[in-house]
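Notes follow once the structure below has been shown.
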Amino acid sequence: MDKNRQKYKYLYLLSEKYPNRQSVVTELIRLKAILNLARPTEHFMSDLHGEYESFFHILNNCSGVIKEKVDYLFEKDLTPAQRAEFCTLIYYPREKIMDLKEKKALSPSWYSKNLRLLLKLSRLMSYKYPQSELKNLMPKGYETIILELLTARPNDDAFQEVYFNTILNTLININSGNEYIIAFTIFIKKLAVAHLHIVGDIFDRGQRPDSIIDMLRQHHSVDIQWGNHDILWMGAMCGNEACIATVIRNSVSYNNTAVLEKGYAISLRPLSSLASKLYPDKNLNIAMKRTISIILFKVEGQLIKRNPDFNMESRLLLDKIDYISKYIKINGKSYPVKSPSFPTINPDNPYELTEEEQSVLEEIKSSFHDSTRLRKHIDFLYQKGSVYKAYNNNLLYHGCIPLNEDGTFKRIKINNQTYYGKNYLDFCDKTIRQAYLGLYDQKVIDLMYYFWCGRLSPFSGREFKTFERMYIEDKSTWIEPSDAYYHYCDDENVCNMILEEFSLKTKRGHIINGHVPVKVKEGESPVKANGKTIIIDGGFCKAYHNKTGIAGYTLISNSRGLRLLEHQTCSNIKEALKANQDIESVSCTLELQNYHSSTADTDLGEEIQEQINDIYHLMLAYQNGLIPEKA
Ligand SMILES: O=P(O)(O)OC[C@H]1O[C@](O)(COP(=O)(O)O)[C@@H](O)[C@@H]1O
Ligand SMILES: [Mn+2]
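Residue numbers (my numbering): 7 to 637.
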C-alpha cells in the first residue's frame, strides 16, 4: 500500500462514506445541529413483576405524558371531556374507532378533525428530533404522507392550503383514515419517549410477564438492567435446577401457572400428579407448592454443598429438622415446624431426591429447554440486558453493590479471585453470559442461583428466608439480613464514591435502583442521599400495592431535569378506559435545572462530537489535497 494511504488509512475508510467535500459539509452541519437539539427524553421503570395490564396502559399513555401534552396544547380548543376522549384515541386507536363505529359516530368530518389534532400534537412533540430521524420513527409505508402533512404550510399560502386539504381529504375519501390515525398514534408515542430503561424484575408474582416481554420486543429503544427475578428465569433457561424449582414454586405460590402452561408450554402435569399422590388430603395447589418446595430445598442444598465459597450454609435447613419431634433448630433455638409432613425425605440423607422427584424435575427441565417462546424471550433479555448501565451520567442497576459496614466496597472471593465495586459487577455480567452459552463448567450455572438469592449478589443483596417463611410461624425468623448498601444508599459520600467507581461525574450523576419497594404510604421517599440515589420500585405488582400505597413509578429525565410520576392505583383499568378515564399520575419534580440541556450534554452528544472531529479532519484532507475527492 502506498505510504500516504497507509498513514491516512482511517480517513480513506471514512472517505468511502463521505466521498467529497459536499457530503462532508452536509454531514458536519447536520451533526452540529443535532448537538443543539433538546436532550431526548428518557423514561425509567422497574419491578414490573408480570403486571401486564397496567404496564400495557402505562406504555400506551407514555406514563401520563401524552395527557400532559394534550392538556397543554388544546386547553382552549377542547373541553376536558373532549381531551380525555382524544387521549383514549391515542392510547387505543383501534378499540376507540370500533367503539365509535358502533355508535355511528364516524364521519369524514370526525376523521378530518382528529387527524388535524394528531398532526398538531405531532408537530409539538417532534421539536426534539432532527428531520432526518423523524422518518425513522414513522410506521413504514406512511412516512411520505405524514412528512408532507407535517411540513405543509396551509396557513401561509392559499396553494399550500389547497395542497394540504387535498392530501387530507383524499386519504379520508379513500377510506385510509383509520390507518393514518393509527400510524399517527404510533409516531406520537415514539416521539414522547426517546428511550426506555427497565431497571429489573419483569418476572414473577403478576400474571403475564410473557406479554410484557412481547411488548418490550416491539419497543423502538429499550435497555434492561436485570433484576433477581429475571436472573432466576435466565438461570432456569441455563438448566439450573434450583432456579427451575424456584420459578415453579413462585408461580404456584401466586396461583399463576398460566404463564408457564399457556405462555411457555411448560406443563405442570408431572408435578401435579406427584403432588396429589404425596398429599392426597391437601388441595392441589397447596400440595404442588409443598412438592416443589421440597424439591427446591433438596437441589438447593446440593448446590450449596458443592460451592462452599457461596457461604450459604445457613440455608441448609432440611438436616436441622428433627423428623420425630417435628422441631427445627436454628442458631441454637428450636421452633415447631408448620404442617410437618415430609413423605419424600429420608432423614439420613435429607438432600437426596426420590426417584419420582428426580423424574418430575427432569421432565420440567426438558420442557424449559424445549420452550421456543421462552428461549426467544430469554434471548431478548440477554441482548437488551446487562447487570448495570452507565447512561447519560446516571448509573442504573437493580439491587446493590455490596459494601462493608464502614461503607467501603466489599471484597468478594469467588474461584480464588477477589472482586469488588465495578469489577465485581463486570464479573457477574460475564458469568451470566457464559452460563447461557453452555460451554463452561457447572460453577457458572450454579452462580445463576447465587445471583438470584445470594447475600452478596448485586441483584439481591439479602439473605432470603424462603424456608422459614414457609415452615416457621415465628416471624422473627423471616427477617432477611441485607447488605450495608441499603442504608448507605442514603449517604451522599458513599453514592459519590460509587459514581466515581464507574467514572461518572458526581455533580450531575444519579444512581437509579429498583428492588426495594418504597413505602410511600408510610411517608418514605424514593429520593435518597440528597437526590443522588432514586429508588423507583413503586410496586407495579398488585400484591405489593398495600405495601407501597401506589401502583408504580416512572422516572423521567428530560432537558429540564428529573421528575417522578407516581401512578395511582386503579381497580379496573379496562372499565376506566371505556369511560375515557385514565390512570392518574401525580408528578413530582426532583431536580429542576435553570437551563435546558441539549443533546450535546448526553452520551450520544459525545459520540457525535467525536464523529464531527473525524469528519472535520476528512474535510481538511480534501481541502489540502491529501485525499482525492470522488464524484
Ligand atoms: O413476597 P413474596 O412473593 O412472598 O416473596 C418474598 C421473597 O421475595 C423477595 O422479596 C425477593 O423478591 P424481590 O426482588 O421482588 O424483592 C425475597 O427477599 C423474599 O424472600
Ligand atoms: Mn428484586
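Every residue, glycine too, gets a C-beta built ideally from N, C-alpha and C.
Any non-hydrogen atom of ligand 2 within 8 Å of residue i CB
i, result
"N234", "yes"
"H203", "no"
"D216", "no"
"G537", "no"
"G405", "yes"
"G520", "yes"
"G558", "no"
"D207", "yes"
"F465", "yes"
"D229", "no"
"D489", "no"
Heavy atom of ligand 1 within 8 Å of residue i beta-carbon
i, result
"L263", "Checking the sequence shown, residue 263 turns out to be Thr, not Leu. Checking every heavy atom of ligand 1 against the Cβ of T263, none is found closer than 8 Å."
"T472", "yes"
"H687", "The structure shown does not extend to residue 687, since the chain spans only 7 to 637, so no value can be given for it."
"A549", "yes"
"R296", "no"
"R468", "yes"
"Y671", "Outside the displayed span of the chain (7 to 637) sits residue 671, for which this structure offers no information."
"R321", "no"
"V393", "no"
"R475", "yes"
"V258", "no"
"D105", "no"
"D210", "yes"
"D480", "no"
"D53", "yes"
Environment of residue i [buried if 16+ CB atoms lie within 10 Å]
i, result
"Q12", "exposed"
"A637", "exposed"
"D588", "buried"
"L54", "buried"
"E443", "Here residue 443 is Leu; the residue named in the question, Glu, does not match the sequence. Exposed."
"D328", "exposed"
"A111", "exposed"
"F165", "exposed"
"G147", "exposed"
"K304", "buried"
"N234", "buried"
"Q231", "buried"
"L445", "exposed"
"V168", "exposed"
"N120", "buried"
"W458", "buried"
"G631", "exposed"
"L290", "exposed"
"K9", "exposed"
Beta-carbon proximity of residue i to residue j, cut-off 9 Å
i, j, result
"L284", "T350", "yes"
"G515", "N429", "no"
"I621", "Y24", "yes"
"P99", "I178", "no"
"L402", "N519", "yes"
"A200", "K134", "yes"
"G529", "Y492", "no"
"D480", "P408", "no"
"V343", "Y333", "yes"
"R45", "S463", "no"
"G269", "D236", "no"
"E59", "Q213", "yes"
"G537", "V265", "no"
"K419", "D315", "yes"
Strand pairing of residue i, partner residues [DSSP]
i, result
"D229", "H203"
"V592", "E572"
"M51", "I204"
"I541", "N519"
"K668", "The shown model of the chain, from 7 to 637, leaves out residue 668, and the question about it has no answer."
"V533", "I540"
Nearest-angstrom beta carbon gap, residue j and residue i [assumed within contact, 8 Å]
i, j, result
"L596", "I540", "7 Å"
"I96", "N184", "14 Å between Cβ atoms; not a contact."
"M131", "A87", "Wrong, their Cβ atoms sit about 23 Å apart, outside the cutoff."
"L143", "F193", "6 Å"
"A281", "T263", "That belief does not hold up - the Cβ atoms of A281 and T263 are roughly 12 Å apart, past 8 Å."
"R321", "Y260", "About 22 Å; that fails the 8 Å criterion."
"R461", "E469", "5 Å"
Any non-hydrogen atom of ligand 4 within 8 Å of residue i CB
i, result
"E486", "With respect to ligand 4, the structure offers nothing, as its ligand set consists of ligand 1 and ligand 2."
Interface flag, residue i vs chain D, CB-CB below 9 Å
i, result
"R569", "Within the model displayed, chain D is absent; a lone protein chain is all it includes."
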